[in-house]
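Engineer: Anchor point for the sequence shown: position 92 equals 92 in full-length UniProt numbering, and the numbering is continuous, going up by one each time.
Beta carbons are placed, not taken as given, at the ideal position from N, Cα and C, and that holds for glycine.
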Amino acid sequence: MQAWRVHTTGEPREAMRLEEVPEPVPGEGEVRLRVLAANVNFPDALLTRGQYQIRPPLPFTPGVEVCGETEDGRRVLANPSLPHGGFAEYVTAPARALLPAPESLDDAEAAALHIGYQTGWFGLHRRARLQSGETLLVHAAAGGVGSAAVQ
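(1) Roughly how many angstroms separate the alpha carbons of Ala3 and Thr92, rounded to a whole number?
(2) Can you name, in chain order, every residue of its own chain whose Cβ lies under 7 Å from the Cβ of Leu46, other than the five neighbours on each side?
(3) Using CA coordinates, which residue listed in His139, Tyr90, Leu33, Arg55 is at the minimum distance from Thr70?
(4) CB-CB under 7 Å to Thr61, same chain, minus the five flanking residues each way: which ones, in chain order?
(5) Would you mind sorting His114 into buried or exposed? The rule is 16 or more other CB atoms within 10 Å of its CB.
(6) Let me know the secondary structure DSSP gives Glu28 once reduced to three states.
(7) Beta-carbon within less than 6 Å of Ala148's beta-carbon, same chain only, minus the 5 sequence neighbours each way: which residues are those?
(8) If you measure between the beta carbons of Val76 and Ala101, is that distance less than 8 Å?
(9) Let me check understanding here. Comparing Cα to Cα, which of Asp44, Ala112, Ile54 lies closest to Gly143?
(10) Return the bridge partner residues of Gln2 from the DSSP annotation.
(11) Whose C-beta lies closer than 8 Å to the C-beta of Met1 among residues of the same chain, with five residues either side of it excluded?
(12) Any idea what DSSP makes of Tyr117, helix, strand or coil?
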């Protein structure tokens, strides 16, 4: 299968190379997914630069969010198990963390749903502890997290 791989950290444009690699083998509690679409998130750039809070062993494939298809044909959202990220044809992901992809969204839209909304929700509810009736100004509501926050 093909995957975008990082062998040395740096800017994504320079550090990532398209390569032929073996398909990942699911570990205990994981499933293998055929990637239908992978979203590009800020953590992917940070991972590639070696600046993210986790640092997968080199070489690795970035891509922390996908819409994929299970072997039994279900369309799901997943956060792939690094070092085998979503910028590949196949990924592995924890079975317990799969979410059904909304039928109303195409694969690319569905792939972009999870992390942006999760980040927006977490920021508003857990960090800011926003309560009903309070007012909040959201700057830059055109991006994934901002779009989630205004909804």
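Structural biologist: Looking at the atomic coordinates:
(1) 13 Å
(2) Tyr52
(3) Leu33
(4) Ala3, Trp4, Arg5, Pro83, His84, Gly85, Phe87, Ala88
(5) buried
(6) coil
(7) Gly116, Tyr117, Gly120
(8) yes
(9) Ala112
(10) Glu20
(11) Glu20, Val21, Pro22, Glu23, Ala88, Glu89, Tyr90
(12) helix
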